[in-house]
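Engineer: Chains as they are written, first to last, in my numbering: chain A, 177 to 327; chain B, 10 to 391.
We treat Cβ as the ideally placed atom computed from N, Cα and C, and that holds for glycine.
Please read these numbers as outputs of a predicted model, since none were measured by experiment.
Following this message is one structure expressed as structure tokens.
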């Protein structure tokens, strides 16, 4: 058992080192800030980073007024989505696999996906309960910015 | 996705009970059949009964978001319905015993959200349909049909939910997600199986929030153990418990720690038992380290205790291939303690297919817990 425990410890330490290296490489690459947005007709006037985490992990599924919250994600291969996950959820998409497995077991699935910035803007304009994120340069006058992340 | 049900969509559900001869049925059987009927009807009625979904000319319907590819199951958004299922085939080659292969589980999950604040959930499971043993050939298994879960969630506020029905006891990490295709290994650690009742029937109050980057969860539940089994062997008796956990990002890692406590009537001795435990969950770069410890104290004339722990590391190798290492120990109230672990592989080449291969080892041979040898499984989602 002692051997098993030491092997586990070595493997885990190696993983931590690799993760630290990956993160340091990521910090070197400049990325645009991310704006958290709603449509202009939305009743949502403010949102905190903590509340965003609850919404995007589907732990909180209602707005304070009782309306069903609709968080919108970008596609899984989007760099913006990965950065948003790290900034808001505190984990990479890979680290969230086990989390979503557990939620799936309760019938709760990840936020829905729209394929592009223009689709996100158009959806927000029509759905007041929706919330999304886009790189700041992709935000136009049809959206209301609630929060800017990673400035 | 379920979140897209329009607020003023209406869904009429009518359930017509089947005529039965009450004289021929015992009270328990009638209750179980009624409960089973509700679970199955929940799935069927929402699909087949008349619905009046408002035709919405809103352009939101033309720009419909799609489910995330990492999500599973089938969502019928206008009905607020989500359906999913899976089956698991398990093979084992234990040391000193005959090899076997069995269709272990067939599960159907249904979630129905008629209103934004209310959701209904059921899991019906068919167990051990058939089994083929090396020296005995094909044999019919128990074929038990069980209601694994059947509950309603009412969101009292965005952070507080009232749960009523039968649900998995929220004790530790493993017990709330032990369905075979979703776990990293074929067998669960012994302490998560033997320490406390798997199911609670009654009420649960769930509080979830994030404050200043810290994620907090608190759950209280009771008053009964598994009372809706739909099978002969059942746990019964009072049970109360609670769980609190807190999680936070630490550098590149996300760590969560939990504390659990429960009191219940032991199904063997019928005396009061109390169990407490702690758990740890650390994620970093796809690597997942988890561990649980639980201690159980049995009251009554035959005072005894049992305790155990496990530590498990899941290491990403390449793509959807993971290596799993686990060490565990269990000190039961009878017999000698057992210590061992496993080394395993978890591979999910497609979103609907999970393959697992584990080699289990232990410091002594056991008939029940932690059998030495090779175990493997194929899990299919549908």
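Which of the three DSSP states, helix, strand or coil, is assigned to residue 190 of chain B?
Structural biologist: helix
Engineer: So, using beta-carbon positions, are residue 247 of chain B and residue 216 of chain B closer together than 8 Å?
Structural biologist: no
Engineer: Over what stretch of residues does the beta strand (DSSP E) that includes residue 369 of chain B continue unbroken?
Structural biologist: 362-371
Engineer: Less than 8 Å between the beta carbons of residue 264 of chain B and residue 257 of chain B, yes or no?
Structural biologist: yes
Engineer: Just tell me which of A:208, A:237, A:207 has its CA closest to the CA of residue 307 of chain A.
Structural biologist: A:237
Engineer: Classify residue 228 of chain B as buried or exposed, calling it buried when 16 or more other Cβ atoms lie within 10 Å of its own Cβ.
Structural biologist: By the neighbour-count rule (16 or more Cβ atoms within 10 Å), residue 228 of chain B is buried.
Engineer: Would you say residue 322 of chain A reaches chain B, if we count a Cβ-Cβ gap shorter than 8 Å as a contact?
Structural biologist: no
Engineer: Roughly how many angstroms lie between the CA atoms of residue 123 of chain B and residue 103 of chain B, to the nearest whole one?
Structural biologist: 47 Å
Engineer: Looking only at its own chain, which residues have a Cβ that is under 8 Å from the Cβ of residue 289 of chain A, when we skip the five neighbours before and after it?
Structural biologist: The beta carbon of residue 289 of chain A lies closer than 8 Å to those of 248, 249, 250, 251, 252 in the same chain, with the five residues before and after it left out.
Engineer: For residue 175 of chain B, count neighbouring C-beta atoms within 10 Å of its own C-beta (all shown protein chains included) and say buried if the count is 16 or more, exposed if not.
Structural biologist: buried
Engineer: Provide the residue(s) that pair with residue 323 of chain B in DSSP beta bridges, ordered along the chain.
Structural biologist: Bridge partners of residue 323 of chain B: B:297, B:333.
Engineer: Answer yes or no: does any C-beta atom of chain B fall closer than 8 Å to that of residue 230 of chain A?
Structural biologist: Judged by the 8 Å Cβ criterion, residue 230 of chain A is in contact with chain B.
Engineer: Alpha carbon to alpha carbon, how far is residue 318 of chain A from residue 219 of chain A?
Structural biologist: 15 Å
Engineer: What separation, rounded to the nearest whole angstrom, lies between the Cα atoms of residue 154 of chain B and residue 131 of chain B?
Structural biologist: 13 Å
Engineer: Beta-carbon separation of residue 235 of chain B and residue 208 of chain B under 8 Å?
Structural biologist: Contact flag set, yes.
Engineer: How many angstroms separate the CA atom of residue 302 of chain B from the CA atom of residue 288 of chain B?
Structural biologist: 6 Å
Engineer: Evaluate the contact criterion for the region 143-162 of chain B versus the region 92-112 of chain B: three or more CB pairs, one atom per stretch, below 8 Å.
Structural biologist: yes
Engineer: For residue 238 of chain A, return the contacting residues in chain B, with the cut-off set at a CB-CB distance below 9 Å.
Structural biologist: 125, 126, 164, 166, 167
Engineer: Using 8 Å as the threshold, is the C-beta distance between residue 205 of chain B and residue 312 of chain B below it?
Structural biologist: no
Engineer: Report back the beta-carbon spacing between residue 223 of chain A and residue 322 of chain A to the nearest angstrom; my notes put them in contact at under 8 Å.
Structural biologist: The beta carbons of residue 223 of chain A and residue 322 of chain A sit about 5 Å from each other, so the pair counts as a contact at 8 Å.
Engineer: Does residue 81 of chain B get closer than 8 Å to chain A when you measure Cβ to Cβ?
Structural biologist: yes
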